Amino acid sequence: PHPEKGGHYQVAYGHRRLAAVRQLGRMVRAVVRDLTDEQLVVSQGQENNSRSDLSYIERCYFAAKLEAKGFSRDIIMASLGVDKAALSRMIALVARLPAEIIEAIGTAESVGRQKWAELADLLEEKGKRAKALKAIQDSEFAARMSDERFQAIYDLVKTAAKKPDRTMWTAANGSRLVTINESEAKMTFAFDKRIEPEFASFVRERLQALYDEFRQKITD
Numbered sequence: 001p002h003p004e005k006g007g008h009y010q011v012a013y014g015h016r017r018l019a020a021v022r023q024l025g026r027m028v029r030a031v032v033r034d035l036t037d038e039q040l041v042v043s044q045g046q047e048n049n050s051r052s053d054l055s056y057i058e059r060c061y062f063a064a065k066l067e068a069k070g071f072s073r074d075i076i077m078a079s080l081g082v083d084k085a086a087l088s089r090m091i092a093l094v095a096r097l098p099a100e101i102i103e104a105i106g107t108a109e110s111v112g113r114q115k116w117a118e119l120a121d122l123l124e125e126k127g128k129r130a131k132a133l134k135a136i137q138d139s140e141f142a143a144r145m146s147d148e149r150f151q152a153i154y155d156l157v158k159t160a161a162k163k164p165d166r167t168m169w170t171a172a173n174g175s176r177l178v179t180i181n182e183s184e185a186k187m188t189f190a191f192d193k194r195i196e197p198e199f200a201s202f203v204r205e206r207l208q209a210l211y212d213e214f215r216q217k218i219t220d
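If you're matching positions, the sequence shown starts at 1 in this note's numbering and goes up one per residue.
Quick look at the structure:
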């Protein structure tokens with residue numbers, strides 16, 4: 001029975017069958033039971049869980065929505081038929097992924113937990129989340145199948161990082177003493193101790209003096 005509308009009923013499970021018989025204009029028998037909110041959620045979850053076409057991300061999203069509505073994890077576990085560890089992974093995954101990206105990609109039927117987790121990792125890297133959010137606005141993106149949309153975003157953010165630029169510092173006497181590797185995030189110096197064994201230690205001892213000189217220069 002519907003909790004707010006007298007003489008009306010909520011469908012606990014069998015939504016697809018109900019839609020089909022409505023289209024056919026047929027009458028069917030139904031079992032009427034009093035269910036608590038928790039029992040209703042468990043029934044609906046078990047129905048969803050039995051569907052062979054329910055994707056991994058759909059189950060994760062369902063779990064996250066139930067928790068947001070205040071249902072306990074015990075109830076959600078019973079609803080989905082998963083253990084505590086699996087449920088924690090599912091809810092954590094949804095928390096790490098932007099809702100806009102999940103919704104734009106859709107069900108992604110063939111994509112499992114590992115690929116979604118990899119995508120979540122990639123989206124945490126600098127600049128990649130913004131790139132993905134921009135990509136899902138493209139009309140061509142929306143025209144693709146769901147699995148293709150996932151792969152497009154995955155490929156977009158998985159592009160290999162640019163290799164650091166490498167240069168050599170050569171002393172006036174022609175000795176190639178230092179290899180310099182520079183990327184967007186950092187710069188490293190590698191001293192060739194075979195040529196000048198003490199040069200690296202000499203530079204290290206002067207780092208504070210060099211830093212002080214640098215600070216003085218930028219504050220003048």
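Note that CB positions come from ideal geometry on N, CA and C, so glycine has one too. These figures come from a predicted structure and were not determined experimentally.
* Name the residue from I153, E196, A185 whose alpha carbon lies nearest to the alpha carbon of G174. => Among I153, E196, A185, the Cα nearest to that of G174 is on E196.
Would you kindly work out how many angstroms separate the C-alpha atoms of T179 and A64, rounded to a whole number? Distance between the alpha carbons of T179 and A64 is about 50 Å.
| query | Where do the ends of the alpha helix (DSSP H) carrying I105 lie? | reply | 99-105
Reduced DSSP secondary structure (H/G/I, E/B, other) of R144: coil
| Exposure of S55, with buried meaning 16 or more beta-carbon neighbours within 10 Å | Burial call: buried.
Exercise. According to DSSP, is P31 helix, strand or coil?
Worked result: Looking at the sequence itself, residue 31 is Val, so the reference to Pro does not match. Here V31 sits in coil by DSSP.
Exercise. Of the choices E140, A152, K84, whose alpha-carbon is the least far from that of W116?
Worked result: Of the listed residues, the one whose Cα sits closest to W116 is A152.
Original post:
Could you give the distance in angstroms between the alpha-carbon of K128 and the alpha-carbon of M168?
Top reply: 31 Å
Exposure label - M90; buried when at least 16 CB within 10 Å: buried
Going straight from the alpha carbon of I75 to that of R59, what length do you get?
Computed Cα separation, rounded: 14 Å.
Original post:
Could you give the residue range of the alpha helix (DSSP H) that holds P165?
Top reply: Note that residue 165 is Asp in the sequence shown, not Pro. First-last for D165: 165-170, but that is the beta strand (DSSP E), not the alpha helix (DSSP H).
* Rounded separation between I136 and F214 - CA only -> Distance between the alpha carbons of I136 and F214: 44 Å.
- Task: Leaving aside the five residues before and after L123 along the sequence, list all residues of the same chain whose C-beta is less than 8 Å from its C-beta, in chain order.
- Result: R96, L97, P98, I101, R129, A132, V157
Spatial neighbours of N181 within its chain, please: C-beta separation below 6 Å, excluding the five flanking residues on both sides.
P164, R166, T188
Quick check: the Cα distance between A30 and Y9, rounded to an integer number of angstroms?
10 Å
Q) Would you say I180 faces chain C, with C-beta separation under 8 Å as the test? A) Here chain C cannot be found, since the structure has a single protein chain.
Using a threshold of 8 Å, state whether the C-beta atoms of S146 and A108 are closer than that. yes
- Comparing alpha-carbon positions, which option in L87, G81, I57 lies nearest E67? L87
Just to confirm the assignment, what range does the alpha helix (DSSP H) spanning A108 have? Here A108 belongs to no alpha helix (DSSP H), and DSSP marks it neither H nor E.
**OP:** With a 10 Å radius around its C-beta and 16 neighbouring C-beta atoms as the bar for buried, classify F202 as buried or exposed.
**Re:** Exposed, since its Cβ has fewer than 16 Cβ neighbours within 10 Å.
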